[in-house]
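Below is one structure, written out as structure tokens; comments come after it.
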DNA sequence: GCCATACCTGGAACCGGTTTCAGCTGGGGC
DNA sequence: GCCCCAGCTGAAACCGGTTCCAGGTATGGC
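Dropping the structure here:
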């Protein structure tokens, strides 16, 4: 209650008040052992009396670190990054690191974000989600001594947490084939910009692979792509469902898009799953509510795991450029069945 | 390309390289006018040659600020806070401030978060979402000179961005009454802990107010509350729908809970809206997909507005403790109609 | 009783910037 | 030709911590 509003006490004030040197106060603050009990008590009293709170920023300058981990992600776009961020937040919550969040909805803001992180002393580490930074930025990061880990993206020089998107695409497609479907369409998403990590492309590859292995000829009119959004997916699905020989199943590269497919079917009076099977990807929260069959990827876990890897790197353990691949699961619900 | 890996250049190195004093380098860095063109060029060259990047942390210590805005929010729980955070991220994205995100899923972590922010030099400002900090923490914030703004919460000493929850509850209820409903139930949410801002309670008041004004007697068995989750809401709704005289309409204090009501109805084979009307609150993304009638509150806007108020306070404009009330809209979709 | 040792302690350098302040230079006015 | 002033510039103080290092004091062993 002795606090002087506006100007808070510094460590020197505490030292003076307690009649000791600043080094001793610092030792008490950091819980070092070699301080006599009596001295420690005097310092503690002084701290209380002056309502002293150490300046985090001064401390960090002295220590040459920021205790901040940056997270760069296309956050706004859809539920999956959010889930990953939740995993990151959770893992970081148990660490002494703060989390600085950078949303990059445009290529411009993305460039800005990467440039910022290349600056010295902004963050100690950075988690890059669903984005692959340009080579020069990776170099900047390295030269600035900023540890980096990729989540849902891959780069030779950096540790990454990923899934096998090719396999994921194949899992969904194989399942539909096993159900007896032959006319299977695919809706992927188009890259918004060059930096976006492109999992959808790999899922397309898996889709094509599964079809080929089952000796089902590819039909170009069944493979579409559009911006990652429910609305765009809906109109693409409408086109597909108006085809002379319309597909009996549609595999969407994300649950969000699968929702668009469901909407299209509903609008056209096509019953799911009786007349159309739909498979999504991700298993976001709403998928279970909608009873959507989907390929589950551990979104939350990817964030948590990425944060753990980064924390390890920060703790001095070699930030080995290893790739960690998370498991995929087919979750069968109510939007799939054998074709009529 | 002269960059020495591991040890980056400091301002003194640049000064030496360019043959000038550090003050001049600082002036160039900050774009001050009073530097001769030739000198400026030499400094710029030196910066490039040494791949110099100023230390944000040193700069901020010197400037006595952190350029960080903290956001404290119960992030994990549901879609609404996320939407608010998006608004904050957007508004802050255009400012020079970084955003440090603190999730508080437990009272313990919340206490920790508030304590942290009370520390000197951690953040310049703080945005508190859907939470009301204990009085002593508000005092700490004030004495540490940290600006604070509340979003979806109210406190006399702090600027707040809110909605009129009583009115919101009344809007939904009045609409159902106008449709002809008399047996209207309400599902609110229970506070998880003492710090959580309790909008649900106010919505209950609005609900009761509307009924009373319409001379419809309150029935205690129609008013329930449970943890804010789809699953809990579902089982509460099932109880309500099994009542001897079951309600013809249910108003849920959030869309998430309304989804649970829909699920319950579906499970019991009760048609919506033919046999049951459902109204939610918030208008989260999924509400439009589900065709849910709801009371829309500007979630994104609340975050953006809160951030703007904080930015103003940070810019030195009086952080007046004014309350900003955002508008509410009834969005009529497909889950409501007159009772059978 | 003496010395080596362990334990405390404080002064001062350091982290890497910003800013004050005083000094120097050069041009314009008379 | 002289003086005044404006425009540049650099040394040094400062932001608020941490830590190295040297010095002082008890304690234990012999």
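Residue numbers (the working numbering), protein chains in the order written: chain W, 839 to 1178; chain B, 839 to 1178. All C-beta atoms in this analysis are idealised placements derived from N, C-alpha and C, irrespective of residue type, glycine included.
Cutoff 7 Å; reference residue i; Cβ partners in own chain excluding five residues on either side
| i | result |
| --- | --- |
| residue 1110(B) | 1100, 1103, 1116, 1173 |
| residue 859(W) | 853 |
| residue 1001(B) | 1135, 1163, 1164, 1166 |
| residue 1140(W) | 922, 925, 989, 990, 999, 1164 |
| residue 933(B) | 1149 |
| residue 1161(W) | 992, 998, 1000 |
CA-to-CA distance, residue j to residue i, given in whole angstroms
| i | j | result |
| --- | --- | --- |
| residue 1007(B) | residue 1040(B) | 7 Å |
| residue 944(W) | residue 935(W) | 27 Å |
| residue 978(B) | residue 994(B) | 16 Å |
| residue 1071(B) | residue 1025(B) | 7 Å |
| residue 1183(B) | residue 1034(W) | Look at the range of chain B in this structure, 839 to 1178, and you will see that residue 1183(B) is not part of it. |
| residue 850(W) | residue 899(B) | 16 Å |
| residue 1108(B) | residue 971(W) | 52 Å |
| residue 962(B) | residue 963(W) | 22 Å |
| residue 1046(W) | residue 953(B) | 55 Å |
| residue 1128(W) | residue 1090(W) | 15 Å |
| residue 780(W) | residue 1009(B) | Summary: the structure shown does not reach residue 780(W), with chain W confined to residues 839 through 1178, and so no result is reported for it. |
| residue 980(W) | residue 1132(B) | 50 Å |
| residue 842(B) | residue 983(W) | Bear in mind that the predicted position of residue 842(B) carries a pLDDT of just 45, short of 50, making it too unreliable to give a figure here. |
| residue 956(W) | residue 1038(W) | 29 Å |
| residue 1020(W) | residue 1012(W) | 10 Å |
| residue 1175(B) | residue 930(W) | 47 Å |
| residue 992(W) | residue 1143(W) | 15 Å |
| residue 948(B) | residue 968(B) | 12 Å |
| residue 919(B) | residue 1112(W) | 38 Å |
| residue 1126(W) | residue 914(W) | 22 Å |
| residue 873(B) | residue 973(B) | 50 Å |
| residue 875(W) | residue 869(W) | 12 Å |
| residue 886(B) | residue 937(W) | 30 Å |
| residue 877(B) | residue 901(B) | 25 Å |
| residue 867(W) | residue 960(B) | 17 Å |
| residue 844(W) | residue 1036(B) | The predicted position of residue 844(W) is uncertain, since its pLDDT is 47 and thus under 50; a value taken from the coordinates is nonetheless stated next. Their Cα atoms are separated by approximately 33 Å. |
Neighbourhood of residue i by C-beta, 6 Å cutoff - its chain only, sequence neighbours within 5 removed
| i | result |
| --- | --- |
| residue 1094(B) | 916, 1068 |
| residue 939(B) | 909 |
| residue 1177(W) | 1018, 1019, 1086 |
| residue 1048(W) | 1008, 1011, 1012 |
Under 9 Å between C-beta atoms of residue i and residue j
| i | j | result |
| --- | --- | --- |
| residue 951(B) | residue 888(B) | no |
| residue 1027(B) | residue 1058(B) | no |
| residue 1079(B) | residue 1097(B) | no |
| residue 1118(B) | residue 1130(B) | yes |
| residue 1029(W) | residue 1159(W) | no |
| residue 1085(W) | residue 1114(W) | yes |
| residue 1015(B) | residue 986(B) | no |
| residue 863(W) | residue 884(W) | yes |
| residue 1003(W) | residue 1061(W) | no |
| residue 904(W) | residue 894(B) | yes |
Same chain, Cβ closer than 8 Å to residue i, five either side skipped, listed in chain order
| i | result |
| --- | --- |
| residue 880(B) | 856, 857, 858 |
| residue 976(B) | 986, 993, 995, 996 |
| residue 1146(B) | 929 |
| residue 1032(B) | 945 |
| residue 1077(B) | 1062 |
Local Cβ density within 10 Å of residue i, reported as buried at 16 or more and exposed below that
| i | result |
| --- | --- |
| residue 1050(B) | exposed |
| residue 942(W) | buried |
| residue 1170(B) | exposed |
| residue 1073(B) | exposed |
| residue 892(B) | buried |
| residue 1055(W) | exposed |
| residue 1023(W) | buried |
Residue i: CB within 8 Å of a non-hydrogen atom of the ligand SAM
| i | result |
| --- | --- |
| residue 906(W) | In the structure on display, the ligand SAM does not appear, and there are no ligands present to speak of. |
*asked:* Closer than 8 Å between beta carbons: that is the criterion. Which residues of the stretch 948-960 of chain B meet it against chain W?
replied: 956, 957, 958, 959, 960
*asked:* Counting only Cβ-Cβ distances shorter than 9 Å, please list the residues of the stretch 904-927 of chain B near chain W, keeping chain order.
replied: 904, 906, 908, 909, 913, 914, 917, 920, 923, 924, 927
*Taking only beta carbons into account, state which residues of the stretch 1127-1158 of chain B come closer than 8 Å to chain W, listed in chain order.*
1127
*Chain-ordered residues of the stretch 1077-1100 of chain W with a beta carbon less than 8 Å from chain B*: 1097
_Interface residues of the stretch 885-905 of chain W facing chain B [CB-CB below 8 Å]_ = 889, 891, 892, 893, 894, 895, 896, 898, 899, 904
*Cβ-based contacts, 9 Å cut-off: residues of the stretch 859-885 of chain B near chain W*: none
*Contact residues within the stretch 969-983 of chain W, judged by C-beta distance below 8 Å to chain B*: 980, 981, 982, 983
_Contacting positions in the stretch 999-1028 of chain W - beta carbon closer than 9 Å to chain B_ = none
*asked:* Using a Cβ-Cβ cutoff of 8 Å, what residues of the stretch 1061-1078 of chain W are near chain B? List them in chain order.
replied: 1068
*Of all the residues that make up the stretch 1105-1118 of chain B, which are near chain W by a beta-carbon distance shorter than 7 Å?*
none
*Mind checking the stretch 927-944 of chain W against chain B and listing, in chain order, the residues whose C-beta falls within less than 7 Å of any C-beta there?*
927, 931, 936, 937, 938, 939, 941
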